[in-house]
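Start counting the sequence shown at 136; every next residue gets the next number (the working numbering).
Heads up, the beta-carbon is just placed ideally off N, CA and C, and yes, glycines get one too.
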Amino acid sequence: MKFFIDTADLEAIAEIKDMGMCDGVTTNPSLMAKAGRRDTDVLLREICDLVQGPVSGEVVATEADEMIAEGERLAAISDHLVVKIPTTYEGLKAIAALSRQDIRVNATLVFSPAQALLVAKAGAAYCSPFVGRLDDIGHDGMELIEQVVTIYGEYGLETEVLVASVRHPNHVIEGAMMGADVATIPPKVIKQLVQHPLTDKGLAAFLADWDRLQEG
Ligand code: G3P
């Protein structure tokens, strides 16, 4: 499973990349706002310079023609910039048009198997079901991942399933067991993934025994 880092925070990306855990990056307007950078194209270029894998940057236009123009502008930032397009009726038109130009698209804000099927038929490189936001309203986000993996497998669709809106380690592990291609993970969850209380307890015991040995 590939790990993308779901942040626009350059320092966090650099730290996780150095650990070998960053195959790509996803951003969105909310993450850009959190990073406090208005020069979003410059920031996307800086992320692309740092990470050689796919880096998603999202359009804010809502009409197809404007989404396409904005997508073309974003794609010119780097050859590994992936254009993120919201999964609306207008978005589908933009996904198809950009994909025909060989611009890779990440279809975002996917909440149903129907949306996932449509974005794959439109040629999206990635489909991003938002599992955490479905959980938030009492649905089962991971059930959607299972449905999308099944549908894509059934028809040999090449669109990669990207688990998004990840809130905790189980979203990543369940996604991996279901065969999802990618999880985009907030830095906080990367830290949670490595933690285990028995590791901490075992290490404390080893260090205490080592100290006793030194005291003779
Ligand atoms: O990749 C999409 C992600 O950023 C959305 O996450 O936590 O805002 O639902 P969240």
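Which residues does DSSP pair with residue i in a beta bridge?
i: residue 192; result: 218
i: residue 295; result: 261
i: residue 140; result: 160 and 320
i: residue 334; result: According to DSSP, residue 334 bridges with nothing at all.
i: residue 245; result: 264
i: residue 240; result: 218
Could you tell me the alpha carbon to alpha carbon distance between residue i and residue j, rounded to whole angstroms?
i: residue 268; j: residue 243; result: 13 Å
i: residue 250; j: residue 342; result: 53 Å
i: residue 324; j: residue 161; result: 15 Å
i: residue 170; j: residue 319; result: 17 Å
i: residue 165; j: residue 347; result: 51 Å
i: residue 294; j: residue 257; result: 10 Å
i: residue 235; j: residue 297; result: 21 Å
i: residue 266; j: residue 280; result: 8 Å
i: residue 138; j: residue 310; result: 11 Å
i: residue 365; j: residue 327; result: Here the chain has residues from 136 to 351 only, and residue 365 is not among them.
i: residue 350; j: residue 338; result: 19 Å
i: residue 240; j: residue 334; result: 40 Å
i: residue 291; j: residue 210; result: 27 Å
i: residue 186; j: residue 315; result: 22 Å
i: residue 196; j: residue 208; result: 12 Å
Can you list, in chain order, the residues of its chain with a C-beta nearer than 6 Å to that of residue i? Leave out the 5 residues immediately preceding and following it.
i: residue 140; result: 148, 151, 157 and 160
Give me, in chain order, the residues of the same chain whose beta-carbon lies closer than 8 Å to that of residue i; leave out the 5 immediate sequence neighbours on both sides.
i: residue 253; result: 222 and 227
i: residue 167; result: 143, 175 and 178
Let me confirm a value: residue i is counted as buried when at least 16 other C-beta atoms fall within 10 Å, else exposed. Which label applies?
i: residue 193; result: buried
i: residue 217; result: buried
i: residue 340; result: exposed
If I follow the unbroken alpha helix (DSSP H) through residue i, where does it start and stop?
i: residue 211; result: From DSSP, residue 211 is part of no alpha helix (DSSP H); its letter is neither H nor E.
i: residue 282; result: 276-290
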